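**Q** With the UniProt record's numbering, the residue at position 123 of the sequence shown is 123, and numbering never jumps.
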Amino acid sequence: MAAGRLVEVYLDLLSQPCRAVLILLTCNKIPHRVHTVALRRGENKTPEFTRLNPMQKVPVMVDNGFVLRESDAILKYLATTFDVPEHWYPRQPEQRARVDEYTAWHHMNTRMKAAKVFILEVLLPTQFGTPAVDEVRLKRALSELEDTLDKLESMFLGRQAFLCGDDITVADLLAACELMQPLGGGRDILKDRPQLQRWMSRVRSAVGDSFDEAHAVLYGVRDRRRARL
Ligand SMILES: N[C@@H](CCC(=O)N[C@@H](CS)C(=O)NCC(=O)O)C(=O)O
């Protein structure tokens, strides 16, 4: 690791992939500086940020002039170029391939399905200034999410402690942060899923305080919503 190396990250902590990146940085004590990009204020649309990411999405990482977008790529880059425990992104080819297998699957499954529930219950009603939730679309989204949770349990978790083996990897961070997101709307999607609940507890204890620190903004959304009801 280069002396004085400081990773710059551009994040909004209401964003699931941003939280995954922050947790990896904080629980491994990787020197970093956070630049908050408030999506609700459109800060991702400024010319400066658009130069960093023409897709206008967070997270973005800059390491000594090297600009990287996409949480999956950022997590793997950090785990390979910093002196962190190998379990985060194992070097052994089959073990690494298991992590890549999950992270390739993640975006169209865990991420898309859990995010949809949050969008329907929290983002859309907030954006349109009406508390009404589209119940038909929500019911469909919840049913699709159940399918994804089934697959997470059967295809990935199985009898192992973490999604890709006996130890925590970047795959668990991506998944855990997505599965937390519906909590912003007061919905605990794991409440009837003891196997995934036990996995989530293992993830939380593996990363310590980093987990709740990264999720403080989401807990705030949940608490304010509860207070309004
Ligand atoms: N595949 C990207 C997804 C990034 C992404 O969708 N970020 C969202 C927040 S969760 C965003 O910046 N949205 C702003 C927008 O689309 O305007 C990743 O994993 O980094």
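Even for Gly, the Cβ is constructed at its ideal location relative to N, Cα and C. Computed from a predicted structure; not experimentally measured.
How many angstroms separate the CA atom of residue 75 from the CA atom of residue 207?
**A** Those two C-alpha atoms are separated by around 15 Å.
**Q** Bridge partners of residue 10, per DSSP?
**A** Bridge partners of residue 10: 35 and 60.
**Q** What is the rounded straight-line gap between the Cα of residue 66 and the Cα of residue 18?
**A** Taking the straight line from one Cα to the other gives about 18 Å.
**Q** Please state whether DSSP places residue 84 in a helix, a strand or coil.
**A** Residue 84: coil per DSSP, three-state reduction.
**Q** Name the two residues that bound the continuous beta strand (DSSP E) containing residue 156.
**A** Residue 156 -> no beta strand (DSSP E), and no H or E assigned at all.
**Q** Would you call the CB atoms of residue 35 and residue 7 closer than 8 Å?
**A** No; because the gap between Cβ atoms is not below 8 Å, this pair is not in contact.
**Q** Going by beta carbon distance, what residues of the same chain come within less than 6 Å of residue 171, once the five residues before and after it are set aside?
**A** Cβ neighbours of residue 171 beyond the five flanking positions: 99, 102, 103, 163 and 164.
**Q** DSSP three-state call for residue 165: helix, strand or coil?
**A** DSSP places residue 165 in strand when its eight states are reduced to three.
**Q** Under 8 Å, with one C-beta from each stretch per pair, do the segment 137 to 152 and the segment 108 to 121 reach the 3-pair mark?
**A** Segments in contact, yes.
**Q** Tell me where the beta strand (DSSP E) around residue 96 begins and ends.
**A** Note, residue 96: premise wrong, no beta strand (DSSP E); alpha helix (DSSP H) at 93 to 106.
**Q** Should residue 94 be labelled buried (16 or more other beta-carbon atoms within 10 Å of its own) or exposed?
**A** The residue is exposed, with fewer than 16 neighbouring Cβ atoms inside 10 Å.
**Q** Is the segment 10 to 24 touching the segment 37 to 55, taking contact as three or more C-beta pairs under 8 Å?
**A** Yes, since at least three Cβ pairs between the segment 10 to 24 and the segment 37 to 55 fall closer than 8 Å, the two stretches touch.
**Q** Just the Cα atoms here: how many angstroms apart are residue 151 and residue 174?
**A** The straight-line gap from Cα to Cα measures roughly 16 Å.
**Q** In terms of residue numbering, what span does the beta strand (DSSP E) encompassing residue 217 cover?
**A** From DSSP, residue 217 is part of no beta strand (DSSP E) but of the alpha helix (DSSP H) over 209 to 228.
**Q** Inspect the CB distances between the segment 205 to 220 and the segment 20 to 31 and report whether three or more fall short of 8 Å.
**A** Yes, since at least three Cβ pairs between the segment 205 to 220 and the segment 20 to 31 fall closer than 8 Å, the two stretches touch.
**Q** Please classify residue 114: is it buried, with 16 or more other beta-carbons within 10 angstroms of its beta-carbon, or exposed?
**A** It counts as buried.
**Q** Hey, could you find the ends of the alpha helix (DSSP H) residue 19 is sitting in?
**A** Residues 16 to 27.
**Q** Please report how far the alpha carbon of residue 49 lies from the alpha carbon of residue 78, in whole angstroms.
**A** Cα to Cα, residue 49 sits roughly 21 Å from residue 78.
**Q** What are the boundary residues of the alpha helix (DSSP H) that residue 51 is part of?
**A** 47 to 52 is the span of the alpha helix (DSSP H), which, as asked, contains residue 51.
**Q** In whole angstroms, what separates the C-alpha of residue 72 from that of residue 228?
**A** Cα to Cα, residue 72 sits roughly 36 Å from residue 228.
**Q** Is the beta carbon of residue 196 sitting closer than 8 Å to the one on residue 149?
**A** Cβ distance < 8 Å, so residue 196 and residue 149 count as in contact.
**Q** Looking at C-alpha atoms only, which residue of 219, 225, 221 and 209 is the closest neighbour of residue 26?
**A** When only C-alpha atoms are compared, the closest one is 209.
**Q** Residues in the same chain with beta-carbon distance under 8 Å from residue 166, minus the five sequence neighbours each way, listed in chain order, please.
**A** Excluding residues within five positions, the ones whose Cβ falls inside 8 Å are 160.
**Q** Would residue 116 be called buried (16 or more neighbouring beta carbons within 10 Å of its own) or exposed?
**A** Buried, since its Cβ has 16 or more Cβ neighbours within 10 Å.
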